[in-house]
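Asks: Per the UniProt record's numbering, residue 1 is the first one in the sequence shown, and the count goes up by one each step. Virtual Cβ for every residue (Gly too), placed ideally from N, Cα, C. Just passing along the structure, written as structure tokens.
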Amino acid sequence: MLLVTLGDPYSINIEALGELLPRIPDKVPVVLVGSFSQWEYQCQQFQISLAVKMIQSWSDLTDKGIHFLNVGPELPRVNPRELTDQQRGGVAVAALESLRSFPKMQNTAVLTCPIDKYACQQAGFRFPGQTEFFEDLAGERGVMILAGPSLRVALVTNHLALRDVAPHINESLIVKKFELFSKTLSRIFKIKSPRIAVVGLNPHCGDQGMFGDEDYRVIAPAVSRLESHSEYEPTGPIPADTAFFHGYQGRFDGILAMYHDQGLGPLKTVHFFDAVNITGGLDFLRVSPDHGPAADKFGQGTANWESFSAALTHCLRYLGYEPSTHRRD
Numbered sequence: 001m002l003l004v005t006l007g008d009p010y011s012i013n014i015e016a017l018g019e020l021l022p023r024i025p026d027k028v029p030v031v032l033v034g035s036f037s038q039w040e041y042q043c044q045q046f047q048i049s050l051a052v053k054m055i056q057s058w059s060d061l062t063d064k065g066i067h068f069l070n071v072g073p074e075l076p077r078v079n080p081r082e083l084t085d086q087q088r089g090g091v092a093v094a095a096l097e098s099l100r101s102f103p104k105m106q107n108t109a110v111l112t113c114p115i116d117k118y119a120c121q122q123a124g125f126r127f128p129g130q131t132e133f134f135e136d137l138a139g140e141r142g143v144m145i146l147a148g149p150s151l152r153v154a155l156v157t158n159h160l161a162l163r164d165v166a167p168h169i170n171e172s173l174i175v176k177k178f179e180l181f182s183k184t185l186s187r188i189f190k191i192k193s194p195r196i197a198v199v200g201l202n203p204h205c206g207d208q209g210m211f212g213d214e215d216y217r218v219i220a221p222a223v224s225r226l227e228s229h230s231e232y233e234p235t236g237p238i239p240a241d242t243a244f245f246h247g248y249q250g251r252f253d254g255i256l257a258m259y260h261d262q263g264l265g266p267l268k269t270v271h272f273f274d275a276v277n278i279t280g281g282l283d284f285l286r287v288s289p290d291h292g293p294a295a296d297k298f299g300q301g302t303a304n305w306e307s308f309s310a311a312l313t314h315c316l317r318y319l320g321y322e323p324s325t326h327r328r329d
């Protein structure tokens with residue numbers, strides 16, 4: 001089963017799905033979750049012709065075809081530019097929250113379209129982002145993974161102010177995130193005994209305490225703990241200014257960064273258009289394009305679908321399929 005939450009209506013989400021959903025093999029059951037009025041409006045605007053089956057609840061699902069579950073505050077059939085933050089955020093949040101009642105998340109693939117975090121907060125969303133929502137949904141800690149064809153990066157901390165990163169990281173957290181990253185590389189990417197670089201926090205890994213002590217006081221002991229387990233292959237701490245080069249060259253299968261922009265800056269330099277965001281450590285696959293709603297591209301016909309396409313391909317391969325070479329009706 002492939003579940004697709006439509007995210008923010010004022011975005012490239014529906015336009016991208018109109019282009020990509022026809023590539024899903026006919027035998028894969030799909031559920032779109034979001035505002036049907038906005039789906040109808042944008043399909044008309046973008047001349048998307050795609051048959052969907054309306055369902056009222058999860059119990060109405062059949063074993064094939066594209067289904068649509070209408071959720072959230074009822075939105076008018078208008079240009080999404082006219083919607084308020086609370087309206088846009090409300091329907092995006094409702095789509096995510098509806099997954100709590102889905103009866104069989106295990107081994108399901110979930111493609112989450114981008115949301116506007118501010119709009120979601122205005123609608124009462126209590127999580128910094130979708131990664132944290134899925135951790136709560138699964139009842140277990142996950143790890144944010146950003147992956148492109150040549151570089152895979154996981155984060156110890158996600159959406160934190162930079163000043164809060166150093167107090168937040170600790171040995172146990174690093175070990176846990178590493179373990180989840182390693183297991184996800186094995187399970188999702190089929191990499192046996194993945195080699196993972198653990199990046200330092202400070203310039204030159206602190207240079208023996210001259211620029212901070214977290215590297216030898218916190219990160220190095222975490223790496224030592226991991227080295228004692230035969231199933232893990234950690235290296236580190238490695239200075240951030242060299243770790244990503246070696247990862248890109250293929251020395252490592254993954255890189256564990258300490259904070260958001262430390263990891264995403266290098267990744268997006270080489271995979272700006274084709275990276276995806278995966279929440280590792282869950283018993284189902286959650287993947288998203290590695291970009292925001294791109295409201296500035298709405299209706300312009302200039303958006304790039306590569307990240308969306310890569311996310312969909314990850315979902316299909318997780319379910320045991322490849323994108324179809326012909327368009328479904």
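List the endpoints of the continuous alpha helix (DSSP H) containing residue 13.
Replies: Per DSSP, residue 13 belongs to the alpha helix (DSSP H) from 13-20.
Asks: Could you check if residue 257 is buried or exposed, using at least 16 other CB atoms within 10 Å of its CB as the buried criterion?
Replies: buried
Asks: If residue 69 and residue 9 are in contact, beta carbons under 8 Å, what's the gap, nearest whole angstrom?
Replies: Not confirmed; about 15 Å, so no contact.
Asks: Tell me the start and end of each unbroken alpha helix (DSSP H) in the region 249-275 that is at least 4 residues and wholly inside, in chain order.
Replies: Listed in chain order, they are 260-271.
Asks: Give the C-beta separation of residue 193 and residue 233 to the nearest angstrom, bearing in mind that I take them to be a contact with Cβ-Cβ under 8 Å.
Replies: Going by Cβ atoms, the distance from residue 193 to residue 233 rounds to 6 Å, so yes, they are a contact pair.
Asks: Would DSSP call residue 298 helix, strand or coil?
Replies: coil
Asks: What does a CB cutoff of less than 8 Å around residue 316 pick up in its chain, not counting 5 residues either side in sequence?
Replies: 2, 24, 25, 28, 109, 322, 323
Asks: Could you check which residue in 285, 267, 118 has the C-alpha nearest to that of residue 246?
Replies: Put simply, of 285, 267, 118 the residue whose alpha carbon is nearest the alpha carbon of residue 246 is 267.
Asks: Quick check: is any heavy atom of the ligand ATP less than 8 Å from the C-beta of residue 1?
Replies: Here there are no bound small molecules, and the ligand ATP is not part of this structure.
Asks: Alpha helix (DSSP H) containing residue 177: first to last residue?
Replies: 171-187
Asks: Would you identify the three-state DSSP class for residue 203, choosing helix, strand or coil?
Replies: helix
Asks: Please state whether DSSP places residue 64 in a helix, a strand or coil.
Replies: coil
Asks: In whole angstroms, what separates the C-alpha of residue 47 from that of residue 295?
Replies: 19 Å
Asks: Determine the contact status of residue 21 and residue 30, defining contact as a CB-CB distance below 9 Å.
Replies: Cβ atoms of residue 21 and residue 30: closer than 9 Å.
Asks: Give the C-beta separation of residue 93 and residue 124 to the nearest angstrom, bearing in mind that I take them to be a contact with Cβ-Cβ under 8 Å.
Replies: 7 Å
Asks: Count the other C-beta atoms from every protein chain shown that fall within 10 angstroms of the C-beta of residue 100, then say buried if there are 16 or more, exposed otherwise.
Replies: exposed
Asks: State the Cα-Cα distance for the pair residue 17 and residue 153, rounded to the nearest angstrom.
Replies: Rounded to whole angstroms, residue 17 to residue 153 spans 26 Å at the Cα level.
Asks: Cα-Cα, which of 65, 39, 33, 77 is closest to residue 56?
Replies: 33
Asks: Check the C-beta distance from residue 238 over to residue 201 and give it rounded, since I have them as a contact under 8 Å.
Replies: In fact, because the Cβ distance is near 11 Å, the residues do not count as touching under 8 Å.
Asks: May I ask you to list the residues that DSSP assigns as paired with residue 144?
Replies: In DSSP, residue 144 forms a bridge with 279.
Asks: Return the CA-CA distance between residue 96 and residue 231, expressed in angstroms with no decimal places.
Replies: 35 Å
Asks: What is the residue span of the beta strand (DSSP E) that residue 30 lies within?
Replies: For residue 30, the enclosing beta strand (DSSP E) starts and ends at 30-34.
Asks: Count the other C-beta atoms from every protein chain shown that fall within 10 angstroms of the C-beta of residue 4, then say buried if there are 16 or more, exposed otherwise.
Replies: buried
Asks: Helix, strand or coil for residue 195? Go by DSSP, reduced to three states.
Replies: In the structure shown, residue 195 sits in a strand (DSSP, three-state: E or B).
Asks: With a Cβ-Cβ cutoff of 9 Å, do residue 114 and residue 171 count as a contact?
Replies: no
Asks: Assign residue 41 to buried or exposed, taking buried as 16 or more other Cβ atoms, counted over all protein chains shown, within 10 Å of its Cβ.
Replies: buried
Asks: From which residue to which residue does the alpha helix (DSSP H) around residue 320 run?
Replies: Run containing residue 320: none; DSSP gives neither H nor E here.
Asks: Looking at C-alpha atoms only, which residue of 303, 15, 282, 75 is the closest neighbour of residue 188?
Replies: 282
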